[in-house]
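Notes to accompany the following structure.
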Amino acid sequence: SAPSGKKLNDLVWEFGCDVFSTDGSVLFCKVCEKAVNFEKKYFVSQHVQTAKHQTAAQKTKPGSQQTSLLTTFSAPSSCKSTFSLDLCKTFVDAGIPLWKLEKKSLKLFLEKYTKQQIPSESTLRKNYVDTNYALALQRIRDEVQDKKIWISIRETTDVMGRFIANAPLRCDVFKEIAPQLALPPQPILTRWGTWISAVLYYASNLDKFQDIITSLDDKDSSAIHIVKELLQDRLLRNDLAFIASNYGNLPEAINTLEKSNMPLIDGLKCFETIVADITQVSGDKGKSVSEICERNDAEVGEMNPQIVVCFKYAPVTSVEVERSFSLFKNLLSDRRH
316 SAPSGKKLND LVWEFGCDVF STDGSVLFCK VCEKAVNFEK KYFVSQHVQT
366 AKHQTAAQKT KPGSQQTSLL TTFSAPSSCK STFSLDLCKT FVDAGIPLWK
416 LEKKSLKLFL EKYTKQQIPS ESTLRKNYVD TNYALALQRI RDEVQDKKIW
466 ISIRETTDVM GRFIANAPLR CDVFKEIAPQ LALPPQPILT RWGTWISAVL
516 YYASNLDKFQ DIITSLDDKD SSAIHIVKEL LQDRLLRNDL AFIASNYGNL
566 PEAINTLEKS NMPLIDGLKC FETIVADITQ VSGDKGKSVS EICERNDAEV
616 GEMNPQIVVC FKYAPVTSVE VERSFSLFKN LLSDRRH
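Counting from 1 along the sequence shown, just add 315 to a position and that's the residue number in our numbering.
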């Protein structure tokens, strides 16, 4: 309201525009970087007399004030600190996690040489990340406004081996034709259970998947042309049915064996059940798999009872080690959390 706006302007004039600012509805302390209760003048005076405010004001006195680390693209809101805005932008641009500001040594270092009160991570995340994002978008708009833009995209794959060019468009086509059907699974090269899960998906939804692929234009991607040729293979349906009916229980078994803290007896029971099912598969392919299982029949010799007790939760697979590689790789990375 008008009376509140006049009251706020009077408080800014009385205490100084270098201490407070207002947008007509909020009284913002530039020194402490927070909104202040202005219902009564007493509350404002009480805030100015707090130790926190006086300490921060001492650091921002003329003569010790240093320029901002970076200049922003446009003037920020009067209720936000330019220093905090620049600090947030600097950390984001440099790829430094904002939680690093909670490190006492870094915080003291920045306060010592910038003569500024360093805001907390939560303050930057809640109040300044979105502002910097909006400023970045505005800068892009200003750069490309009224200009002709050329966008060149080649079909490529990401680190998981997935085709990513034009993927959003094809997902829209998929959802339009089969709204009740989940998107196809993406097998991981080194995790064999995901391959069989993909087979189970296509065995159950091959007709619908074929309709979707048929609706796509071969000229859009060489991958579409290759998939269409594969779908014409008469043996495809037979192979999918064979794997799904004989090895469809493997993904669930692998997930079970990958669980931590599973007793050895449960792991062995699961393993023996799977081996028994596999060895019963008929045909040349089933015979080949059975021969591989028979060649790996391990025998356990006599062991000290004290050692046997230690094997209560021993894993029966090596997947724990394989999954640990990515964890070890990120031990010293900022993304480990």
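By construction, the Cβ of each residue, glycine as well, lies at the ideal position given by its N, Cα and C atoms. In this text the structure is predicted, and so the values were computed from the model without any measurement.
| task | For A556, count neighbouring Cβ atoms within 10 angstroms of its own Cβ and tell me buried if that reaches 16, exposed if not. | result | A556 should be labelled exposed.
| What residue from A371, E329, K355 has the CA that sits closest to K349's CA? | Comparing Cα positions, the closest option is A371.
| Between Y443 and C403, which are expected to be in contact by the criterion C-beta below 8 Å, what is the C-beta distance as a whole number of angstroms? | Yes, they are in contact, since the Cβ atoms of Y443 and C403 sit about 4 Å apart, within 8 Å.
| Can you tell me whether DSSP reads V351 as helix, strand or coil? | Note: V351 maps to strand in three-state DSSP.
| What is the rounded straight-line gap between the Cα of K602 and the Cα of Y517? | Those two C-alpha atoms are separated by around 25 Å.
| Under 8 Å between the Cβ atoms of C585 and T594? | Contact: no.
| message | Taking the beta strand (DSSP E) that C625 belongs to, which residues open and close that run? | response | Taken as a continuous stretch (DSSP letters only), C625 belongs to no beta strand (DSSP E), being part of the alpha helix (DSSP H) at 620-625.
| What separation, rounded to the nearest whole angstrom, lies between the Cα atoms of E544 and I527? | For E544 and I527, the distance between alpha carbons rounds to 14 Å.
| request: Could you say if the segment 575-589 and the segment 622-629 meet the contact criterion of at least three C-beta pairs nearer than 8 Å? | output: With a cut-off of 8 Å, the segment 622-629 and the segment 575-589 count as touching, because enough Cβ pairs lie within range.
| task | Can you tell me which of K422, E491, K355 puts its alpha carbon nearest to the alpha carbon of L326? | result | When only C-alpha atoms are compared, the closest one is K355.
| task | Return the chain-ordered ranges of every beta strand (DSSP E) run that is complete within the segment 555-619 and spans a minimum of 3 residues. | result | Fully enclosed beta strand (DSSP E) runs of 3 or longer: not present.
| said: Is it the case that the segment 530-540 contacts the segment 565-574, given that we only count it when at least three CB pairs across the two stretches are under 8 Å? | reply: Output reads no: the segment 530-540 does not touch the segment 565-574.
| query | For T337, does the count of other Cβ atoms within 10 angstroms reach 16, so buried, or fall short, so exposed? | reply | T337 comes out buried.
| message | Report the start-end ranges of each beta strand (DSSP E) in the segment 511-561 that is 3 residues or longer and not cut off at the edges. | response | Counting whole runs of 3 or more residues, the segment 511-561 contains no beta strand (DSSP E) stretch at all.
| request: Sort I492, D408, S340, G563 by Cα distance to T509 and report the nearest one. | output: It is G563 whose Cα lies nearest to the Cα of T509.
| query | What three-state label does DSSP hand S319 in the structure shown? | reply | Note: S319 maps to helix in three-state DSSP.
| task | Could you check the C-alpha separation between G331 and L439 for me, to the nearest Å? | result | A straight-line Cα-Cα distance of about 25 Å links G331 and L439.
| said: With H, G and I counted as helix, E and B as strand and the rest as coil, what does DSSP make of C332? | reply: For C332, the secondary structure class from DSSP, reduced to helix, strand or coil, is coil.
| field | C-beta atoms of K345 and S396 nearer than 8 Å | value | Using a Cβ distance threshold of 8 Å, K345 and S396 count as a contacting pair.
| DSSP three-state assignment for L423, whether helix, strand or coil | In the structure shown, L423 adopts helical secondary structure according to DSSP, grouped into three states.
| said: Measuring alpha carbon to alpha carbon, tell me which residue in V590, H368, P502 is nearest R610. | reply: Of V590, H368, P502, the residue nearest in Cα terms is V590.
| With I558 and V514 assumed to form a contact (beta carbons below 8 Å), what rounded beta-carbon distance in angstroms separates them? | The pair is a contact, with the Cβ atoms about 5 Å apart (cut-off 8 Å).
| For Q525, which residues of its own chain have a beta-carbon under 7 Å away from its beta-carbon, when the five flanking residues on both sides are left out? | Same-chain partners within the cutoff: L546.
| field | Simplified DSSP state of T405, which is helix, strand or coil | value | Secondary structure at T405: helix, using DSSP grouped into helix, strand and coil.
| Could you give the distance in angstroms between the alpha-carbon of L450 and the alpha-carbon of Q431? | Spanning the two alpha carbons is a distance of roughly 23 Å.
| In terms of alpha-carbon separation, which member of G339, D333, D401 lies closest to S319? | Looking at the Cα atoms, G339 is the closest of the given residues.
| What residues are listed by DSSP as bridge partners for L342? | Partner(s): T337, V351.
| Roughly how many angstroms lie between the CA atoms of V341 and H368, to the nearest whole one? | Roughly 18 Å separates the two Cα atoms.
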